[in-house]
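Trainee:
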Amino acid sequence: MKPFLVYRGQKYSQEEFEQFLTQQDGVISFNNFLLTSTQKEAAMEYVQHALHKHRNHVCVLFIVTINPNKVSIPTIPFAFIDKCSVNPQKHEVLFSTHTAFRVGEMKQMAGNNRLWEVQLTLTTANDSEMAALTQALRKDIDGTGWNRIAKLVQRVGKFDLAEEIYKNLFNM
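Numbering (the working numbering), first residue to last: 1 to 172.
If you want it as C-alpha cells, here you go:
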C-alpha cells in the first residue's frame, strides 16, 4: 500500500494554539480518538464552520501523511471506518488515542491569522526519537503498580491525585 493523506479540522483557543506552535519539528499525540477524512473538503467544512462560529479561536487544517509500509503491524493505530460510519461518503479514518505524529511545516492560510495548515506524519515503528522518548519515560517513571501510576500522575501535574495515591500506598 502506498502512502496517503488524511485531513482533520480542529479549533484551538489562542493560548492553546500558541503552545501548539512550539511543537514544530517535535512529536505530538492527541489524548482522544482522532477522526480524519481522506477528503480535504470534509475537514475544510469543519474549519469554515468553526471560523464563523468561534471568532476568538484559531482553526487548524491538519494534513496527515500515513505510510502504511512503515507502521508496525501489531500496533496499527488507525482504521478505515467507511463501513460503520454515519457518513461513509467522507471516507473517514479513525486514529486510536495517543497515536504519535511528527509535526512538520506550519503555515498561515490565505493570510488569515486564525487559519493555519499543519503537516503531520504518523510516526514509524523504527522512529529513533520515539524509541528514545519511550525509553526515557520508562526510566523516569520506574517502579511498579501504584507507585508508577503516582509518578506518572505527578509528572502530568495532577499533584493532589498523586498525593492521594501515595497516602493510600503508605496505608497498605
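Think of the CB as a built atom: it goes at the ideal place given N, C-alpha and C, for glycine as much as any other residue.
1. I want to know whether the region 81-88 touches the region 19-26 - three or more CB-CB distances under 8 Å.
2. Which residues does DSSP list as the beta-bridge partners of Arg102?
3. Val27: which of Lys167, Leu152, His54 and Ser128 sits nearest, CA to CA?
4. Tell me whether Gly157 is buried or exposed, calling it buried when 16 or more other Cβ atoms sit within 10 Å of its Cβ.
5. Check whether the region 78-85 and the region 93-107 touch, using three or more Cβ-Cβ pairs below 8 Å as the test.
6. Between Leu122 and Val64, how many whole angstroms is the CB-CB distance? I'm expecting something under 8 Å.
7. Within the continuous alpha helix (DSSP H) that includes Phe33, where are the two ends?
8. Rounded C-beta distance between Phe62 and Val153? I'm assuming under 8 Å.
9. Are the CB atoms of Lys107 and Ala50 within a distance shorter than 8 Å?
10. With DSSP run on the structure shown, which of helix, strand or coil describes Asn56?
11. Since Val6 sits in a beta bridge, which residues does DSSP pair it with?
12. Determine the contact status of Arg102 and Leu120, defining contact as a CB-CB distance below 8 Å.
13. Can you give me the start and stop residues for the alpha helix (DSSP H) that Ala79 sits inside?
14. Please classify Val86: does DSSP put it in a helix, a strand, or coil?
15. Report yes if the CB atom of Thr38 is closer than 8 Å to the CB atom of Phe4, and no otherwise.
Mentor: This is what the structure holds:
1. no
2. Val27 and Thr121, per the DSSP bridge assignment.
3. Ser128
4. exposed
5. yes
6. 7 Å
7. Careful: Phe33 lies outside any alpha helix (DSSP H) and carries neither H nor E.
8. With 8 Å as the limit, Phe62 and Val153 do not qualify as a contact, their Cβ atoms being about 29 Å apart.
9. No; because the gap between Cβ atoms is not below 8 Å, this pair is not in contact.
10. coil
11. Val64
12. yes
13. First-last for Ala79: Phe78 to Phe80, but that is the beta strand (DSSP E), not the alpha helix (DSSP H).
14. coil
15. yes
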